[in-house]
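Undergrad:
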Amino acid sequence: MNSETINAVKELLSRPQKIVIVPHKNPDGDAIGSALALWHYLTGIGQETSVIVPNDYPKFLKWMPGCGSIINFERENTQAKEKIDGSTLIFTLDFNHLGRIGQMEKPLQEKVGQIPFVMIDHHQAPSDYAEVMYSDVNMSSTCQMVYNFIESIDTVDKVTPEIANCLYTGIMTDTGSFKFRSTNGRTHRIVADLIDRGAENTEIHHRVFDTNTPERLRLLGCALNNLVILKEYRTAYITLSQQELDAHNFQKGDTEGFVNYGLTLEDVIFAVIFIENKEEGIIKISLRSIGDFSVNEFARNHFDGGGHNNAAGGRSELSLEDTATHFESLLKNYQAQLRP
Ligand SMILES: [Mn+2]
């Protein structure tokens, strides 16, 4: 954080505020971890603070300290709207465009220009709704940034075991358990400090990763069975139809991480999963890569999405089959980067 940002935040927190913290829609470990860590910190320094999520988050995160106080905009709409209406300061975490918060976009947009927004985020191309922006694409996770935030405006001694557990979870999930390229020495030093301050690392891994239901494990089997490997483009993709999801009693979060299996194939550098969502009438797409091939650019150019260089999301309004066919036809435009 630069000194201008630090001073701006310190000034905002120098008086009592009514704070709302908002992570992105379909919040993941980094979104929930950073929101709750910041909530613990701000509550701890005496600020009236609420976390409002646009919609529900996966069950494997529902042990996180403080998650009982999260307000779900979809389910507790009146309460959430009241909190937003009465807020004097809004933190947006792990996203940088108000289009990423679904139905919450409208009420938040109405606050832009009325009250200050603070953005803490590591995605590309931030939009300009926040007067205080702590935006850095080189960061492994928003959780790493919240650690920096507490260190910069206060002291790391304010990192309680609750905060340490939240931040560890987000760094772990956003770095693929400390293996993505955004992981560096600083990430590991922070993680080491979080363990010293009470992050239960073994327990966290267990709670996040060892929570399969038999249905989810069989759905993974189905997904792997559908895997298409395009050796000539070092690409692999998976499709899952609504019918297949239904047959395995699909629960939110069940397909989390499936896309990464493609990348475990030797010589595959680009992996995608297409998941049919009949209710929304779209195909949800997750894209991953190893190395320089930018899935962010690919998703932005072709699938109305975006994200990071090595991890992005997108959508398609074609059928599942047509989406896959269209995807395959696009690859020839990227032969220079994808050919072995
Ligand atoms: Mn993140």
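Mapping to UniProt numbering: the sequence shown position 141 is 141, numbers consecutive.
Using N, Cα and C, we set each Cβ at its ideal position, and we do this for glycine too.
Remember, it's a predicted structure, so these values are computed and weren't measured experimentally.
1) For my contact list, Ile229 and Ala236 are in at a C-beta cut-off of 8 Å; report their separation, rounded to the angstrom.
2) Report the three-state DSSP secondary structure of Phe274 (helix, strand or coil).
3) Do Tyr233 and Arg75 have their beta-carbon atoms positioned less than 8 Å apart in this structure?
4) Tell me, which residues are paired with residue 342 by DSSP?
5) Any chance you could list the alpha helix (DSSP H) runs of at least 4 consecutive residues sitting entirely within the segment 129-205, in chain order?
6) Mind checking which residues open and close the beta strand (DSSP E) that includes Ser286?
7) From this set, Leu245, Phe209, Ile19 and Asp121, which residue's C-alpha is nearest Trp39's C-alpha?
8) Starting from the Cα of Thr175, find the closest Cα among Asp157, Val272, Asp28 and Met119 and give me that residue.
9) What number of angstroms, rounded off, separates the C-alpha of Ile153 from the C-alpha of Thr5?
10) In terms of residue numbering, what span does the beta strand (DSSP E) encompassing Lys18 cover?
11) Looking only at its own chain, which residues have a Cβ that is under 7 Å from the Cβ of Thr173, when we skip the five neighbours before and after it?
12) In the structure shown, what three-state DSSP assignment does Ser14 receive?
13) Touching or not, the segment 80-98 and the segment 286-296, by the rule of three or more beta carbon pairs under 8 Å?
14) Would DSSP call Val228 helix, strand or coil?
15) I'd like the span of the beta strand (DSSP E) that includes Ser316, first residue to last.
TA: By the coordinates alone:
1) For the purposes of this step, residue 229 is taken as residue 229 along the sequence shown, with counting starting at 1. For the purposes of this step, residue 236 is taken as residue 236 along the sequence shown, with counting starting at 1. About 5 Å; that satisfies the 8 Å criterion.
2) Along the sequence shown, one-based indexing puts residue 274 at 274. The answer is strand: DSSP assigns Phe274 an E or B state.
3) The count along the sequence shown starts at 1 and reaches residue 75 at position 75. The count along the sequence shown starts at 1 and reaches residue 233 at position 233. Result no, Cβ atoms of Arg75 and Tyr233 do not sit closer than 8 Å.
4) This structure cannot settle anything about residue 342, because the visible part of the chain is limited to 1 through 340.
5) 142-153, 161-174 and 185-196
6) By one-based count along the sequence shown, residue 286 stands at place 286. Here the beta strand (DSSP E) through Ser286 covers Ile282 to Ser289.
7) One-based indexing of the sequence shown puts residue 39 at position 39. Considering only alpha carbons, the answer is Ile19.
8) One-based indexing of the sequence shown puts residue 175 at position 175. The shortest Cα separation from Thr175 among Asp157, Val272, Asp28 and Met119 belongs to Asp28.
9) As a working mapping, residue 153 is identified with position 153 in the sequence shown. As a working mapping, residue 5 is identified with position 5 in the sequence shown. Between Ile153 and Thr5, the C-alpha separation is close to 9 Å.
10) Taking the first residue of the sequence shown as 1, we reach residue 18 at position 18. Taken as a continuous stretch (DSSP letters only), the beta strand (DSSP E) holding Lys18 covers Lys18 to Pro23.
11) On the sequence shown, position 173 is the one that residue 173 refers to. Cβ within range, chain order: Asp28, Gly29, Asp30 and Val208.
12) Counted from its first residue, the sequence shown places residue 14 at position 14. DSSP places Ser14 in coil when its eight states are reduced to three.
13) no
14) Within the sequence shown, numbered from 1, the residue matching residue 228 stands at position 228. It is a strand residue.
15) The residue labelled residue 316 in the question sits at position 316 within the sequence shown. Ala311 to Ser316 is the span of the beta strand (DSSP E), which, as asked, contains Ser316.
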